[in-house]
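Just so we're aligned, residue 10 is where the sequence shown starts under our numbering, counting upward by one. Every residue, glycine too, gets a C-beta built ideally from N, C-alpha and C. Quantities reported herein were computed from a predicted structural model and do not represent experimental measurements. These notes are about the structure you will find just below.
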Amino acid sequence: MDPSNVTIILPALNEEAAIGTILASLRSSLPESEIIVIDDGSIDHTAQVAREHDVTVISHSYQRGYGAALKTGIRASTKECILCCDADGQHRIDDALSIIEHFENHDLIVGARTSESHAPLLRRPGKFILSKFANTLSGARIP
């Protein structure tokens, strides 16, 4: 997929410390992609830092939630394909590039971190239980 046909949406809440690095990396790796940051009512300088990186910034006047931020970004997108990433740096740029490579052959791509994602030990039992619950509800194994 031609990266110029891709919008990258980053919902952000109080990510002043991380967002500059993320946007610089995205802009360097995908200079022709549309990047939209949705500042979901941050009380820090998230929006100001984002504006320094040649991206579109849309600010919610109050915290509306992650889903509302995604909807705002999707509505603002002008490109054929959309990639949603968190603005705190938990997603690797290499993974985003890999997903974009597969856009042409798939209508929907869902990324999932595996146990190799180095989840803290205290969170692993909860993740295991939620995974089993989701598998039971769906009637299928969700990797």
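For residue 79, three-class secondary structure by DSSP: For residue 79, the three-state secondary structure derived from DSSP is helix.
- request: Can you say whether residue 82 is buried or exposed, counting buried as having 16 or more other CB atoms within 10 angstroms of its CB?
  value: Buried, since its Cβ has 16 or more Cβ neighbours within 10 Å.
query: How should residue 12 be labelled, buried or exposed, when 16 other C-beta atoms within 10 angstroms of its C-beta is the threshold for buried?
result: That one is buried.
Beta-carbon proximity of residue 47 to residue 67, cut-off 7 Å: Taking 7 Å as the Cβ cut-off, residue 47 and residue 67 qualify as a contacting pair.
- prompt: DSSP three-state call for residue 108: helix, strand or coil?
  reply: The answer is helix: DSSP assigns residue 108 an H, G or I state.
- request: Mind the definition here: the stretch 99-115 touches the stretch 55-71 only if three or more C-beta pairs lie below 8 Å; say whether that holds.
  value: No: the two stretches stay apart, fewer than three of their Cβ pairs being nearer than 8 Å.
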